[in-house]
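Just remember that our numbering sits 12 ahead of the position in the first sequence, which is counted from 1.
Ideal Cβ positions, reconstructed from N, Cα and C, are used throughout, including at glycine.
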Amino acid sequence: MDFATIKGFKDILPEEVGTWQRLESEARRIFRSFGFREIKPPLLEKTELFTRSIGEETDIVSKEMYSFTDSKGRGLTLRPEATASVVRAYIQHRLYQKNPVQKLFTIGPMFRHERPQKGRFRQFHQIDAEIIGDSGPLSDAEIIVMAMSLVEAFGLSGLSLQINSLGCPKCRPGFKEKLKSYLSQKAIFLCGDCQRRALTNPLRVFDCKVEGCKQVVAEAPSILDFICSDCEKHFKALQKHLDSSEVSFALNHMLVRGLDYYTRTTFEIQTEELGSQNAVVGGGRYDGLCKQLGGPDHPAIGFALGMERLVALMGKDGTSESSGPDLFLAALGEKAQERVFQWANDLRKAGFCVEIEYDPSKSLKAQMKRADRLGARLVLMVGENELSSGKGILRDMVAKTQKEVGLENLPANIKELMG
RNA sequence: GUGAGUGUAGCUCAGUUGGAUAGAGCACUGGGUUGUGGCCCCAGAGGUCGUGGGUUCAAAUCCCAUCACUCACCCCA
Numbered sequence: 013m014d015f016a017t018i019k020g021f022k023d024i025l026p027e028e029v030g031t032w033q034r035l036e037s038e039a040r041r042i043f044r045s046f047g048f049r050e051i052k053p054p055l056l057e058k059t060e061l062f063t064r065s066i067g068e069e070t071d072i073v074s075k076e077m078y079s080f081t082d083s084k085g086r087g088l089t090l091r092p093e094a095t096a097s098v099v100r101a102y103i104q105h106r107l108y109q110k111n112p113v114q115k116l117f118t119i120g121p122m123f124r125h126e127r128p129q130k131g132r133f134r135q136f137h138q139i140d141a142e143i144i145g146d147s148g149p150l151s152d153a154e155i156i157v158m159a160m161s162l163v164e165a166f167g168l169s170g171l172s173l174q175i176n177s178l179g180c181p182k183c184r185p186g187f188k189e190k191l192k193s194y195l196s197q198k199a200i201f202l203c204g205d206c207q208r209r210a211l212t213n214p215l216r217v218f219d220c221k222v223e224g225c226k227q228v229v230a231e232a233p234s235i236l237d238f239i240c241s242d243c244e245k246h247f248k249a250l251q252k253h254l255d256s257s258e259v260s261f262a263l264n265h266m267l268v269r270g271l272d273y274y275t276r277t278t279f280e281i282q283t284e285e286l287g288s289q290n291a292v293v294g295g296g297r298y299d300g301l302c303k304q305l306g307g308p309d310h311p312a313i314g315f316a317l318g319m320e321r322l323v324a325l326m327g328k329d330g331t332s333e334s335s336g337p338d339l340f341l342a343a344l345g346e347k348a349q350e351r352v353f354q355w356a357n358d359l360r361k362a363g364f365c366v367e368i369e370y371d372p373s374k375s376l377k378a379q380m381k382r383a384d385r386l387g388a389r390l391v392l393m394v395g396e397n398e399l400s401s402g403k404g405i406l407r408d409m410v411a412k413t414q415k416e417v418g419l420e421n422l423p424a425n426i427k428e429l430m431g
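Written out as structure tokens, the structure reads:
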């Protein structure tokens, strides 16, 4: 097959669409209960939006974006994440003038040119939520509680919430220097990548899985010992709010996010069951981003949930199939088929879910078989005899009983027979 | 970008040390029931054995290349 989907892109087939729809509708229900409103930004944005927000040196920007120049020479990019677009829309439409605190969510595909593997695709879908315009720890707590509500709504267990604080522009530089000098002392124990990262982006060494680096990192200074008093107050208050919400969490001072815009709170909801892609939800506070993108200096916090990963976890406890049609109309002969087609449309207008057979040469047996496979509750059989008598045969496929039904005013007659 | 594994029917997979028309189960179509589904029985359709080359009297099987998929590194949702 020459036109198969490209690497890392998947068809979501009819069998799985039900799962996705349930996921989305449940998410929308929860968002509404928390007062979030949906926003749908475009998938394509100016490249600069992402380079400015995510950071030039990040993996996403430096090697994973689907970017191209259009016929006018403008640099465009398929969004690798949603936050930048949501903040852009917030600024562009001056949403803060209507309401100082905007609670927004969006659901849709993201694109990153990575090597695919379990739980990782080039087109993947995220449920993304943001609170823009509030700096307090209670908004951190609310968004984390909401994220937990989402994963819990799907009955997922064995998930752990990890939180950390990355400090702010006042205290993070000091910690970075401390970390740099520590790492440079231990440079000989670090892998090549980390020796480089130790200089450019020392926090990223925390993410390394090389054994030597893990040992170095285990004894590295913890950012939690260096954050300023304001950041510490914020972080402590968040923990208090989580405690009183009965949300259990673990402090993880090695939790560093791969996007540059994060400040203070970061968090992740992790699973053990997806191989090395353990993050189902990732998020954090990004107080400087709005201003950095040319907007007002408004603080914000948000998260993204990986839908493919959630679906993979849900897949284990069997998903219910969508129900079959209310009625299957079996016609014998072309004359009957013509009438049946009209009745099918009448019944559909009356609210019934109706399926018909296209091939008039199919035997009744074949049509019954098909009705059965489709899961039809009732089958209406109409042939020459029924046309002339004006009465069809209505069979209940579950009870295995059948009775006559008048073909005039069919929708009303069937409603009556069904009770 | 690096490494490993796997490619046989729509799906899940057999296929011996190379040997003749490449098989099974499920699914699909038809029949057994001249107008009645599920169970059963019978029959049928469906395959460039990922692709290209090589070795050989003979390749699904051995060798090389290539592509695709999967997993892992990396990174993250």
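Pull up the distance between the alpha-carbon of I66 and that of V352, whole angstroms please. Going from the Cα of I66 to the Cα of V352 covers about 59 Å.
Do the CB positions of Q379 and A342 come within less than 8 Å of each other? Taking 8 Å as the cut-off, the beta carbon of Q379 is found closer than this to the beta carbon of A342.
What number of angstroms, rounded off, separates the C-alpha of L322 from the C-alpha of I24? Our two residues, L322 and I24, have alpha carbons roughly 14 Å apart in a direct line.
For my contact list, I139 and A39 are in at a C-beta cut-off of 8 Å; report their separation, rounded to the angstrom. Right, their Cβ atoms sit about 5 Å apart.
Round the Cβ separation of G314 and A141 to the nearest angstrom and send it over; I've been treating them as touching at under 8 Å. That belief holds up - the Cβ atoms of G314 and A141 are roughly 6 Å apart, short of 8 Å.
Just checking, does the region 302–311 make contact with the region 205–221 on the three C-beta pairs under 8 Å criterion? No, they do not touch.
Expected contact under 8 Å - CB spacing of L325 and T283 to nearest Å: Confirmed, about 6 Å.
Rounded to whole angstroms, what's the CA-CA distance from S234 to L90? Just pull it up for me. When rounded, the distance between both Cα atoms is 36 Å.
Give a yes or no on contact between the region 264–278 and the region 178–191, applying the rule of three or more CB pairs nearer than 8 Å. Under the three-pair Cβ rule at 8 Å, the region 264–278 counts as touching the region 178–191.
Simplified DSSP state of F21, which is helix, strand or coil: In this structure, F21 counts as coil in the three-state DSSP scheme.
Rounded to the nearest angstrom, how far is the Cβ of G418 from that of G402, given a contact under 8 Å? Between G402 and G418 the Cβ distance is about 7 Å, and since that is below 8 Å, they are a contact.
Between the alpha carbons of P112 and L429, how many angstroms are there, rounded? Answer to the nearest angstrom: the Cα atoms are 57 Å apart.
Measure from the alpha carbon of G240 to the alpha carbon of each residue in L422, P214 and P185, then state which is nearest. Note that residue 240 is Cys in the sequence shown here, rather than Gly. Considering only L422, P214 and P185, the residue with the shortest C-alpha distance to C240 is P185.
For the region 122–137 and the region 148–160, state whether three or more C-beta atom pairs, one from each stretch, are separated by less than 8 Å. Under the three-pair Cβ rule at 8 Å, the region 122–137 does not count as touching the region 148–160.
Write down the C-beta distance between L406 and L392 rounded to the nearest angstrom, noting that I regard them as a contact closer than 8 Å. Right, their Cβ atoms sit about 5 Å apart.
Take T331 and list the residues in its own chain whose beta-carbon comes closer than 7 Å to its own, dropping the five residues that flank it on each side. Its pLDDT being 48, under 50, T331 is placed unreliably in this model, and the value from its coordinates should be taken loosely. In chain order, G30 and T31 place their CB closer than 7 Å to the CB of T331, counting only its own chain and leaving out the 5 sequence neighbours on each side.
Only counting the same chain, and skipping five residues up and downstream in sequence, which positions put a Cβ closer than 6 Å to that of G336? Here the set comprises L386, G387 and A388.
My output table needs one value for N467: the three-state DSSP class, helix, strand or coil. Nothing can be reported for residue 467: it is not among the residues displayed for the chain, which extend from 13 to 431.
Beta-carbon gap between K115 and R34 smaller than 8 Å: Going by C-beta atoms, K115 is not nearer than 8 Å to R34.
Report buried or exposed for R100, applying the criterion of at least 16 other Cβ atoms within 10 angstroms of its Cβ. Burial call: buried.
Compare the Cα-Cα distances from E126 to each of W355, E258 and F21 and report the closest residue. Answer by Cα proximity: F21.
Under a Cβ-count criterion, where at least 16 other Cβ atoms within 10 Å of its own Cβ denotes burial, should S97 be classed as buried or exposed? So S97 counts as buried.
Can you give the Cα-Cα distance for Q414 and E398, rounded to whole angstroms? So the two alpha carbons sit approximately 14 Å from each other.
Counting along the chain, where does the alpha helix (DSSP H) carrying T89 start and finish? Not the alpha helix (DSSP H): T89 falls in the beta strand (DSSP E), residues G87 to L90.
Out of curiosity, what's the CA-to-CA distance linking K374 and E320? Straight across, the Cα-Cα distance linking K374 with E320 is about 41 Å.
Between the beta-carbon of S147 and the beta-carbon of D242, is there less than 8 Å? In this structure, D242 does not lie closer than 8 Å to S147 by Cβ.
Can you tell me which of the three DSSP states F201 falls into? In this structure, F201 counts as helix in the three-state DSSP scheme.
My guess is that R124 and P92 are in contact by the Cβ rule of under 8 Å, so how many angstroms apart are they, rounded? 5 Å between Cβ atoms; contact.
Start and end of the beta strand (DSSP E) containing R40? From DSSP, R40 is part of no beta strand (DSSP E) but of the alpha helix (DSSP H) over P26 to S45.
Between M266 and V228, which are expected to be in contact by the criterion C-beta below 8 Å, what is the C-beta distance as a whole number of angstroms? Contact check for M266 and V228: beta-carbon distance about 12 Å, past the 8 Å limit, so the pair fails to qualify.
R209, buried or exposed, once every other Cβ within 10 Å from all chains shown has been counted against 16: By the neighbour-count rule (16 or more Cβ atoms within 10 Å), R209 is buried.
M409: which of V394, D384, L107 and S400 sits nearest, CA to CA? Minimum Cα distance to M409 is reached at D384.
Status (buried if at least 16 other CB within 10 Å, exposed otherwise) for Y370: Answer is exposed; the Cβ neighbour count stays below 16.
Roughly how many angstroms separate the alpha carbons of L211 and C220, rounded to a whole number? Rounded to the nearest angstrom, the two C-alpha atoms are 15 Å apart.
Please give the ranges of any alpha helix (DSSP H) in the region 221–308, keeping only runs that are unbroken, at least 4 residues long and fully inside the region. As summarised for the region 221–308, the continuous alpha helix (DSSP H) elements at least 4 residues long and confined to that stretch are 223–230, 241–256 and 301–304, given in chain order.
Alpha-carbon to alpha-carbon, A232 and K192: The C-alpha of A232 is placed about 10 Å away from the C-alpha of K192.
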